[in-house]
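FYI, in my numbering the residues of the sequence shown are 561 to 818. Cβ coordinates follow ideal geometry from the N, Cα and C atoms, glycine included. In this text, all values refer to a predicted model and were calculated from it rather than measured experimentally. Inspection log for the structure reproduced underneath, given as structure tokens.
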Amino acid sequence: MPFALITGASTGIGKCIAEELAARDYDVLLIARSECLLKENCLSIQKKYSVSARYFAIDLAEENAAQKIYNWCQSNNYQVSILVNNAGYGLSGFFENRTCEANFDMLKVNMTTPVQLCQLFLPMLKLKPRAYILNIGSTAAYQAMPGFALYGASKSFILNFTRGLHAELKDTNISVSCVCPGATNTHFNERSELCQKAIAKGEKLSMSAEKVAQISVEGMFSGKTEVVVGLANRVGVFLSWLLPKSVSERFIMNIYKE
Ligand SMILES: NC(=O)c1ccc[n+]([C@@H]2O[C@H](COP(=O)([O-])OP(=O)(O)OC[C@H]3O[C@@H](n4cnc5c(N)ncnc54)[C@H](OP(=O)(O)O)[C@@H]3O)[C@@H](O)[C@H]2O)c1
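This is how it looks when you write it as structure tokens:
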């Protein structure tokens, strides 16, 4: 079986996507920084699903991270037919209160490295009978996010990049999808240092990582370009389209302002 490569597979949605794909008999390549967790996840997946599971611990904000992952696959002859760009996080609070380095590291993880991975793996994916790219976006992609501005913008980028790439590759063997979850019960809130108000709002609608992963993988295999996960999130996205931008921005600012 060809491999599915999943970034951010140590915890949360990425870990569950790896399990979903292993359950469908895919061998998996797990990428993230936490080596111990990756090792644990590999062992558990191999035992539970009788597939191969390998890991590569790397910081995706590192220079040439994508190239290092690609080289690792090449040198081990791991033939990838599914690329899942899931790793990501936010930096809550006002843009000006974060350092340039912190902001750019987040952009590398959320945008630059996923783009480089797509670029590097496309020739390999083209050789497979059927191949998939799954990029994890967010409902934050659908409007400006004052108080979480750069994160929202990074997810708008990934959504539009995905749509463009999907159209460019329409007549090929590669299907490209962007799945946009809303609040999901993972380590995201702590990593993104979300304020209590935002956490409390999200908790009411929060979905499990398992459910989000299942919907993501189903959407990817059915060739959907864009999937907003869950009815409540679809209603939220519709409202943000319907409302004047200034109204939705004031509403978001009230939630994310510390
Ligand atoms: N949870 C939500 O409410 C929510 C909502 C919408 C969209 N999303 C999106 O869903 C995706 C998955 O997030 P999650 O909710 O599952 O959060 P999570 O539990 O924090 O998982 C994030 C994953 O990304 C990895 N990661 C983060 N920074 C990294 C770095 N510099 N280098 C390598 N790997 C890194 C983490 O692993 P290590 O820490 O081990 O490196 C972890 O495996 C993200 O793209 C996020 O933006 C989440």
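Beta-carbon spacing of Gln-679, Pro-562 below 9 Å: As a first step, residue 679 is located in the sequence shown; it is residue number 119 there, counting from the start. As a first step, residue 562 is located in the sequence shown; it is residue number 2 there, counting from the start. Result no, Cβ atoms of Gln-679 and Pro-562 do not sit closer than 9 Å.
Reduced DSSP secondary structure (H/G/I, E/B, other) of Thr-659: Counting from 1 along the sequence shown, the entry for residue 659 is found at position 99. Secondary structure of Thr-659 (DSSP, three-state): coil.
Opposing strand residues paired with Tyr-692 [DSSP bridges]: Reading the sequence shown from its first residue, position 132 is the one you call residue 692. Paired residue(s): Ile-642 and Ser-735.
Stretch-stretch touch, CB-based, cutoff 8 Å, three pairs: the stretch 762–774 with the stretch 714–726: no
Proximity below 9 Å, CB of Lys-761 to CB of Ile-815: The residue labelled residue 761 in the question sits at position 201 within the sequence shown. The residue labelled residue 815 in the question sits at position 255 within the sequence shown. A contact, by the Cβ cut-off of 9 Å.
Check: Leu-719 C-beta below 8 Å from any heavy atom of ligand 1: For the purposes of this step, residue 719 is identified with residue 159 of the sequence shown, where counting begins at 1. No, Cβ of Leu-719 sits at least 8 Å from all heavy atoms of ligand 1.
Segment contact flag, the stretch 594–601 with the stretch 666–679, C-beta cutoff 8 Å, min 3 pairs: no
Rounded separation between Leu-590 and Ser-652 - CA only: In the sequence shown, residue 590 corresponds to position 30, counting from 1. In the sequence shown, residue 652 corresponds to position 92, counting from 1. Using only the alpha carbons, I get a separation of about 27 Å.
Option nearest Lys-817 by Cα separation, candidates Ala-758, Lys-784, Val-807 and Thr-785: The sequence position of residue 817 within the sequence shown is 257, counting from 1. Out of Ala-758, Lys-784, Val-807 and Thr-785, Ala-758 has the C-alpha closest to the C-alpha of Lys-817.
Residues that Ala-564 bridges to, as DSSP identifies them: Taking the sequence shown and counting its residues from 1, one reaches residue 564 at position 4. For Ala-564, which the question treats as bridged, DSSP gives the partners Val-588 and Ile-642.
Cβ contact check for the stretch 657–666 and the stretch 569–589: 3 or more pairs under 8 Å: no
Burial state of Phe-748, where buried means 16 or more other Cβ atoms lie within 10 Å: Here the question's residue 748 lines up with position 188 in the sequence shown. Burial call: buried.
As assigned by DSSP and simplified to three states, the class of Tyr-615: Here residue 615 is taken as the residue at index 55 of the sequence shown, counted from 1. In the three-state reduction of the DSSP assignment, Tyr-615 falls in the strand class.
Val-611 to Ser-594 span [Cα, whole Å]: Within the sequence shown, numbered from 1, the residue matching residue 611 stands at position 51. Within the sequence shown, numbered from 1, the residue matching residue 594 stands at position 34. The straight-line gap from Cα to Cα measures roughly 21 Å.
Beta-carbon spacing of Thr-746, Ile-573 below 9 Å: Taking the first residue of the sequence shown as 1, we reach residue 746 at position 186. Taking the first residue of the sequence shown as 1, we reach residue 573 at position 13. Annotated as proximal: Thr-746 and Ile-573, with beta-carbon spacing under 9 Å.
Heavy atom of ligand 1 within 8 Å of Lys-715 beta-carbon: Translated into the one-based positions of the sequence shown, residue 715 becomes position 155. Yes, ligand 1 has a heavy atom inside 8 Å of this Cβ.
Cα-Cα separation between Leu-729 and Gly-568, rounded to whole angstroms: If you number the sequence shown from 1, residue 729 lands on position 169. If you number the sequence shown from 1, residue 568 lands on position 8. About 25 Å.
6 Å CB neighbourhood of Lys-715 in its chain, flanking five on each side removed: The residue given as residue 715 occupies position 155 in the sequence shown. Hits under 6 Å: Gly-697, Ser-698, Ala-700 and Ala-701.
Test item: CB-CB of Ser-549 and Leu-694 under 9 Å: This structure cannot settle anything about residue 549, because the visible part of the chain is limited to 561 through 818.
Endpoints, beta strand (DSSP E) assigned at Glu-595: Residue mapping note: residue 595 aligns to position 35 of the sequence shown, counting from 1. No beta strand (DSSP E) holds Glu-595; the alpha helix (DSSP H) holding it covers 595–609.
Proximal residues to Leu-754 (C-beta, below 7 Å), its chain only, five neighbours per side dropped: As a position in the sequence shown, residue 754 is number 194, starting the count at 1. Closer than 7 Å at the Cβ level, and outside the excluded window around Leu-754, lie Ser-652.
Between the CA atoms of Thr-571 and Lys-805 - distance to the nearest angstrom: Working through the sequence shown from its first residue, we reach residue 805 at position 245. Working through the sequence shown from its first residue, we reach residue 571 at position 11. About 34 Å.
Length of the line joining the Cα atoms of Lys-608 and Ile-718: Along the sequence shown, one-based indexing puts residue 608 at 48. Along the sequence shown, one-based indexing puts residue 718 at 158. Rounded to whole angstroms, Lys-608 to Ile-718 spans 33 Å at the Cα level.
Proximity of Ile-629 and Ala-564 at Cβ, strictly below 9 Å: In the sequence shown, residue 629 corresponds to position 69, counting from 1. In the sequence shown, residue 564 corresponds to position 4, counting from 1. In this structure, Ile-629 sits away from Ala-564, with a CB-CB distance that is not shorter than 9 Å.
Limits of the unbroken beta strand (DSSP E) element including Val-788: Position 228 of the sequence shown, counting from 1, holds the residue named residue 788. DSSP places Val-788 in the uninterrupted beta strand (DSSP E) bounded by 786–788.
The alpha helix (DSSP H) enclosing His-747, as first and last residue numbers: For the purposes of this step, residue 747 is taken as the residue at position 187 of the sequence shown. Careful: His-747 lies outside any alpha helix (DSSP H) and carries neither H nor E.
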